[in-house]
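Asks: Those protein sequences? They're chains U and L, same order as listed.
So in our numbering, the last spot in the first sequence is 391, and the numbers never skip.
So in our numbering, the last spot in the second sequence is 391, and the numbers never skip.
Structure incoming, see below.
There are 2 protein chains.
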Amino acid sequence: MAQHRNRRVILKTRATGLPTPELFDVVEDDAPEPGDGEALIHNIYVTADPGMKGWISNAVNYASVETGATMNSFGVGVVIQSNSPDITEGDYVVANTGWQEYSVVSPDQASVRKVDPADALLSTSLGALGHSALTAYFGLLEVGRPNAGETVLVSTAAGSVGSAAGQFAKIKGCRTVGIAGGPEKTALCLDTFGYDAAIDYKATDDLEAALREACPNGIDVYYDNVGGDTLDTVLGLMNQNGRVTICGTAATEAWVPPPTGLRFERHVLVSRLRIQGFILFDFQDRYEEALTDIRQWFKEGKIKYREDIAEGLENAPAALAGLYEGRNTGRQLVRVRPDPTL
Amino acid sequence: MAQHRNRRVILKTRATGLPTPELFDVVEDDAPEPGDGEALIHNIYVTADPGMKGWISNAVNYASVETGATMNSFGVGVVIQSNSPDITEGDYVVANTGWQEYSVVSPDQASVRKVDPADALLSTSLGALGHSALTAYFGLLEVGRPNAGETVLVSTAAGSVGSAAGQFAKIKGCRTVGIAGGPEKTALCLDTFGYDAAIDYKATDDLEAALREACPNGIDVYYDNVGGDTLDTVLGLMNQNGRVTICGTAATEAWVPPPTGLRFERHVLVSRLRIQGFILFDFQDRYEEALTDIRQWFKEGKIKYREDIAEGLENAPAALAGLYEGRNTGRQLVRVRPDPTL
Numbered sequence: 050m051a052q053h054r055n056r057r058v059i060l061k062t063r064a065t066g067l068p069t070p071e072l073f074d075v076v077e078d079d080a081p082e083p084g085d086g087e088a089l090i091h092n093i094y095v096t097a098d099p100g101m102k103g104w105i106s107n108a109v110n111y112a113s114v115e116t117g118a119t120m121n122s123f124g125v126g127v128v129i130q131s132n133s134p135d136i137t138e139g140d141y142v143v144a145n146t147g148w149q150e151y152s153v154v155s156p157d158q159a160s161v162r163k164v165d166p167a168d169a170l171l172s173t174s175l176g177a178l179g180h181s182a183l184t185a186y187f188g189l190l191e192v193g194r195p196n197a198g199e200t201v202l203v204s205t206a207a208g209s210v211g212s213a214a215g216q217f218a219k220i221k222g223c224r225t226v227g228i229a230g231g232p233e234k235t236a237l238c239l240d241t242f243g244y245d246a247a248i249d250y251k252a253t254d255d256l257e258a259a260l261r262e263a264c265p266n267g268i269d270v271y272y273d274n275v276g277g278d279t280l281d282t283v284l285g286l287m288n289q290n291g292r293v294t295i296c297g298t299a300a301t302e303a304w305v306p307p308p309t310g311l312r313f314e315r316h317v318l319v320s321r322l323r324i325q326g327f328i329l330f331d332f333q334d335r336y337e338e339a340l341t342d343i344r345q346w347f348k349e350g351k352i353k354y355r356e357d358i359a360e361g362l363e364n365a366p367a368a369l370a371g372l373y374e375g376r377n378t379g380r381q382l383v384r385v386r387p388d389p390t391l
Numbered sequence: 050m051a052q053h054r055n056r057r058v059i060l061k062t063r064a065t066g067l068p069t070p071e072l073f074d075v076v077e078d079d080a081p082e083p084g085d086g087e088a089l090i091h092n093i094y095v096t097a098d099p100g101m102k103g104w105i106s107n108a109v110n111y112a113s114v115e116t117g118a119t120m121n122s123f124g125v126g127v128v129i130q131s132n133s134p135d136i137t138e139g140d141y142v143v144a145n146t147g148w149q150e151y152s153v154v155s156p157d158q159a160s161v162r163k164v165d166p167a168d169a170l171l172s173t174s175l176g177a178l179g180h181s182a183l184t185a186y187f188g189l190l191e192v193g194r195p196n197a198g199e200t201v202l203v204s205t206a207a208g209s210v211g212s213a214a215g216q217f218a219k220i221k222g223c224r225t226v227g228i229a230g231g232p233e234k235t236a237l238c239l240d241t242f243g244y245d246a247a248i249d250y251k252a253t254d255d256l257e258a259a260l261r262e263a264c265p266n267g268i269d270v271y272y273d274n275v276g277g278d279t280l281d282t283v284l285g286l287m288n289q290n291g292r293v294t295i296c297g298t299a300a301t302e303a304w305v306p307p308p309t310g311l312r313f314e315r316h317v318l319v320s321r322l323r324i325q326g327f328i329l330f331d332f333q334d335r336y337e338e339a340l341t342d343i344r345q346w347f348k349e350g351k352i353k354y355r356e357d358i359a360e361g362l363e364n365a366p367a368a369l370a371g372l373y374e375g376r377n378t379g380r381q382l383v384r385v386r387p388d389p390t391l
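If you want it as structure tokens, here you go:
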């Protein structure tokens, strides 16, 4: 088998604040060889995720990328060499590819799954039929557990995870309210993602009043991707036995030194709240169960999504930095090479 | 039936900080008459609870006492007149009596339950076989859900609720660590309540280091009665999938203006924590289920407890104020009149 040259993006310096392109470098070397039970993937799309801020920071996190290592990411590609009985050359697979052209994966791991390009655009396997949707599915339905008729509030409501959470809540019969930044995203919430109300947090100087107006029956479930002051305000408006899913902390730039906010425990006690954090990876064994539901909703036309695709691996760091400036709309992907299924 | 004169303690002024005796007044008037389905109770003991700070404050709470009204409390007494088929003269009952000599109760309410003075000292029906134990039972076992072998940390560990939580955790096979204030309470934790380790928070200037030493395997469940800085410190030491029961917020004197602390959501996300508040009243329908377990443990000699009994209704306000200075040891009760079962 011919040796492939592999371009990859490595982490040069750990971040103390928001990710910037300067933290990364592009290097080129020989692609790794798959061992026994492994396969070599030629990547097509890789992801830029808000959670990456934590992966590359100095603060304690659930996942971490070492300096000098290939930046970790999800990706989808085609199998070009397989030493595994579970996977065949030509299969399309989603995996933890990292930001590189070629990746070696172990198909027996739960993080690797085959996708059928006939189902939908290949890129959706990383978003609306992939990690974004899976995150929203478990975070909303398993952690938040909304009941029909309840009010579900979502932050970064027009984002890939937020818009999925909002639509899943709507499918479950909830009143849905979104918080988004700017008039375009707010309009997207109302016109495309079917929220019953949407708040442009950049255009209000009294979020509490805006929330009270948008949520006349209070808030039963808060699907939170941002934390910070918004979380503090929402906690005071939660209904008794309310649930808060902590999915992301995008509003806080850095955790060193430790930032402060309003004390939260009184609301938790008085309103009997349940605040719960979760990480998608913990649900890997249940992806297929979730995707069965999500594919069905997708086929029924109940799921809208947006993608923002940057061209070229070398632009992955800039695409990542753009997330924290709110520059993207919807799922941020990076096209590593032309999509052969288009 | 002869009309009884009823001495009672009323709330004169709502609190802005910690409760003081000056907020209350003792008044005397005719005892109320029980209506259809009601009964008149001659009270023996009433309680002074840490939660009362919230009931009489200006801040939003799960329960509230109006100015001019009899101070709300639990109590135990004897039925002296009954218009209810559920209860007979001479029965001993626990109820929401309030701080007064005579109370009218509706025996069909879940908050009213008969007690058998042959089981244990009558006073324990408000503590070690009553609300303190019930609070610890549901807060630890239903909300915290510890597994055998896990480390359970308890604040106000020598208090009536804390000591019950610590002992229940021990019965469930956990390693138990207590936080208490002062050498006497710390010794009580170790010598009487069976904690594996105890920390005198007043004697340490590095709580984090003390906790790391006392909890070498991290903290799986935190039964929290205090909130505040202690909670902030503990959150950073919780194990993955850890659970925090928010049972009280004794460390914070006042919630107006809103106090601040370290931001918490990053710990919740990274360690997949579940932080949950609860109020005992929500479990009223399940008291008997819990008391069956607790009585059994009590009979087996597995439950130790302490009581601190103030003499005379007029001393209830001072007993309440003493709670926040840590003056009491164990369950704080007020003896309204001599206990006829002794």
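Cβ atoms here follow ideal geometry from the backbone N, Cα and C, with glycine treated the same way.
1) State buried or exposed for residue 345(L), treating a residue as buried only when at least 16 other CB atoms are found within 10 Å of its CB.
2) Compile a chain-ordered list of the residues in the region 86-117 of chain L whose CB is closer than 8 Å to at least one CB of chain U.
3) If you reduce the DSSP assignment to three classes, tell me which class residue 365(L) lands in.
4) Using DSSP bridges, identify the partner residues of residue 92(U).
5) Within the continuous alpha helix (DSSP H) that includes residue 185(L), where are the two ends?
6) Does DSSP classify residue 204(L) as helix, strand or coil?
7) Going straight from the alpha carbon of residue 297(U) to that of residue 104(U), what length do you get?
8) Is the shortest distance between the beta-carbon of residue 180(L) and the beta-carbons of chain U less than 9 Å?
9) Under the rule that 16 or more other beta-carbon atoms within 10 Å means buried, what is residue 259(U), buried or exposed?
10) Chain U partners of residue 216(L), CB-CB under 7 Å?
11) Quick check on residue 314(L) - is its C-beta less than 9 Å from some C-beta in chain U?
12) At a CB-CB cut-off below 7 Å, which residues of chain L make contact with residue 210(U)?
13) So residue 152(L) packs on residue 181(L), CB below 8 Å; how close in whole Å?
14) Alpha carbon to alpha carbon, what distance is there between residue 243(U) and residue 384(U)?
15) Thinking just about the alpha-carbon of each residue, which of 149(L), 164(L), 150(L) is nearest to the one in residue 156(L)?
16) Since I believe residue 52(U) is in contact with residue 89(U) (beta carbons under 8 Å), could you give me their beta-carbon distance rounded to a whole number of angstroms?
17) Which stretch, first to last residue, makes up the alpha helix (DSSP H) that contains residue 25(L)?
18) So, is residue 188(U) buried or exposed, given that buried needs 16 or more other C-beta atoms within 10 angstroms?
19) Taking Cβ-Cβ distances below 8 Å as the criterion, which residues of the region 318-330 of chain L are in contact with chain U?
20) Please report the Cβ distance between residue 141(L) and residue 125(L), rounded to the nearest whole angstrom; I am assuming they are in contact, meaning their Cβ atoms lie under 8 Å.
21) At which residues does the alpha helix (DSSP H) containing residue 209(L) begin and terminate?
22) Is the beta carbon of residue 111(L) within less than 8 Å of some heavy atom of the ligand PLP?
23) Excluding the 5 residues flanking residue 321(U) on each side, which residues of the same chain have their C-beta closer than 7 Å to its C-beta?
24) So is residue 276(U) in contact with chain L if we call contact Cβ pairs under 9 Å?
25) Count Cβ pairs between the region 317-334 of chain U and the region 167-187 of chain U that sit closer than 8 Å; are there 3 or more?
26) Here's the rule: buried if 16 or more other CB atoms are within 10 angstroms of the residue's CB, otherwise exposed. What is residue 216(U)?
27) Residues in the region 300-314 of chain U with C-beta within 8 Å of chain L's C-beta atoms, listed in sequence order?
28) Tell whether a beta-carbon distance below 9 Å holds between residue 193(L) and residue 224(L).
29) Using a Cβ cut-off of 9 Å (strictly closer), state whether residue 173(L) contacts chain U.
30) Taking C-beta to C-beta, are residue 347(L) and residue 169(L) nearer than 9 Å?
31) Hey, quick one: how far does the alpha helix (DSSP H) through residue 318(U) stretch, first residue to last?
32) If you pair each beta-carbon of the region 292-307 of chain L with each one of the region 237-256 of chain L, do three or more pairs fall below 8 Å?
33) So, helix, strand or coil for residue 235(L), using DSSP?
34) Looking at chain U, is there any beta carbon in it that lies within less than 9 Å of the beta carbon of residue 296(L)?
35) At 7 Å on the CB atoms, spell out the chain U contacts of residue 280(L), in chain order.
36) Exposed or buried, which one is residue 178(U) when buried takes at least 16 other CB atoms within 10 Å?
Replies: Put simply:
1) Against the second sequence, residue 345(L) aligns to sequence position 296. It is exposed - the Cβ of residue 345(L) has fewer than 16 other Cβ atoms within 10 Å.
2) Cβ proximity to chain U below 8 Å picks out 103, 108, 109, 110, 111 from the region 86-117 of chain L.
3) Taking the second sequence and counting its residues from 1, one reaches residue 365(L) at position 316. In this structure, residue 365(L) counts as helix in the three-state DSSP scheme.
4) One-based indexing of the first sequence puts residue 92(U) at position 43. Residue 92(U) is bridged to 126(U).
5) Stepping through the second sequence from its first residue, residue 185(L) is reached at position 136. From DSSP, the alpha helix (DSSP H) with residue 185(L) extends over 180-186.
6) The residue labelled residue 204(L) in the question sits at position 155 within the second sequence. Note: residue 204(L) maps to strand in three-state DSSP.
7) The count along the first sequence starts at 1 and reaches residue 297(U) at position 248. The count along the first sequence starts at 1 and reaches residue 104(U) at position 55. Approximately 12 Å, taken between the alpha carbons.
8) Taking the first residue of the second sequence as position 1, residue 180(L) is located at position 131. Answer no: the Cβ-Cβ gap between residue 180(L) and chain U never drops below 9 Å.
9) For the purposes of this step, residue 259(U) is identified with residue 210 of the first sequence, where counting begins at 1. Burial state of residue 259(U) is buried, judged by a 10 Å Cβ sphere holding 16 or more other Cβ atoms.
10) Taking the second sequence and counting its residues from 1, one reaches residue 216(L) at position 167. What residue 216(L) touches in chain U: nothing, since even the nearest Cβ is about 23 Å away.
11) Locating residue 314(L) in the second sequence gives position 265, where the first residue counts as 1. Judged by the 9 Å Cβ criterion, residue 314(L) is in contact with chain U.
12) Position 161 of the first sequence, counting from 1, holds the residue named residue 210(U). Those do not exist, as residue 210(U) stays about 13 Å from chain L at its closest Cβ, beyond 7 Å.
13) Residue 152(L) sits at position 103 when you count from the first residue of the second sequence. Residue 181(L) sits at position 132 when you count from the first residue of the second sequence. Their Cβ separation, rounded to whole angstroms, is 20 Å, which puts residue 152(L) and residue 181(L) out of contact at 8 Å.
14) Taking the first residue of the first sequence as position 1, residue 384(U) is located at position 335. Taking the first residue of the first sequence as position 1, residue 243(U) is located at position 194. About 29 Å.
15) Residue 156(L) sits at position 107 when you count from the first residue of the second sequence. Ranking the options by Cα distance to residue 156(L), first place goes to 164(L).
16) Here residue 89(U) refers to the residue found at position 40 of the first sequence. Here residue 52(U) refers to the residue found at position 3 of the first sequence. No, residue 89(U) and residue 52(U) are not in contact; Cβ-Cβ is about 11 Å, not under 8 Å.
17) There is simply no residue 25(L) to check, as chain L begins at 50 and stops at 391 in what is shown.
18) As a first step, residue 188(U) must be located in the first sequence, where it is residue number 139. It counts as buried.
19) 318, 319, 320, 321, 322, 323, 324, 325, 326, 327, 328
20) Counted from its first residue, the second sequence places residue 141(L) at position 92. Counted from its first residue, the second sequence places residue 125(L) at position 76. With 8 Å as the limit, residue 141(L) and residue 125(L) qualify as a contact, their Cβ atoms being about 6 Å apart.
21) Translated into the one-based positions of the second sequence, residue 209(L) becomes position 160. Counting along the chain, the alpha helix (DSSP H) containing residue 209(L) begins and ends at 209-220.
22) No copy of the ligand PLP occurs in the structure displayed, which carries no ligand at all.
23) Stepping through the first sequence from its first residue, residue 321(U) is reached at position 272. Take residue 321(U), set aside five residues on each side of it, and the residues of its chain with a beta-carbon closer than 7 Å to its own are 289, 290, in chain order.
24) Locating residue 276(U) in the first sequence gives position 227, where the first residue counts as 1. Chain L contact via Cβ: present.
25) Flag = yes, the region 317-334 of chain U and the region 167-187 of chain U touch.
26) The sequence position of residue 216(U) within the first sequence is 167, counting from 1. Label assigned to residue 216(U): buried.
27) 301, 304, 307, 308, 309, 310, 311, 312, 313, 314
28) Here residue 193(L) is taken as the residue at index 144 of the second sequence, counted from 1. Here residue 224(L) is taken as the residue at index 175 of the second sequence, counted from 1. For residue 193(L) and residue 224(L), no; Cβs fall outside 9 Å.
29) Residue mapping note: residue 173(L) aligns to position 124 of the second sequence, counting from 1. Not an interface residue.
30) As a position in the second sequence, residue 347(L) is number 298, starting the count at 1. As a position in the second sequence, residue 169(L) is number 120, starting the count at 1. Contact: yes.
31) By one-based count along the first sequence, residue 318(U) stands at place 269. 314-319 is the span of the alpha helix (DSSP H), which, as asked, contains residue 318(U).
32) no
33) Here residue 235(L) corresponds to residue number 186 of the second sequence, with the count starting at 1. Here residue 235(L) sits in helix by DSSP.
34) Mapped onto the second sequence, residue 296(L) falls at position 247. By this cut-off, residue 296(L) is an interface position.
35) Translated into positions along the second sequence, residue 280(L) becomes position 231. Within 7 Å Cβ-Cβ: 314.
36) Position 129 of the first sequence, counting from 1, holds the residue named residue 178(U). The residue is buried, with at least 16 neighbouring Cβ atoms inside 10 Å.
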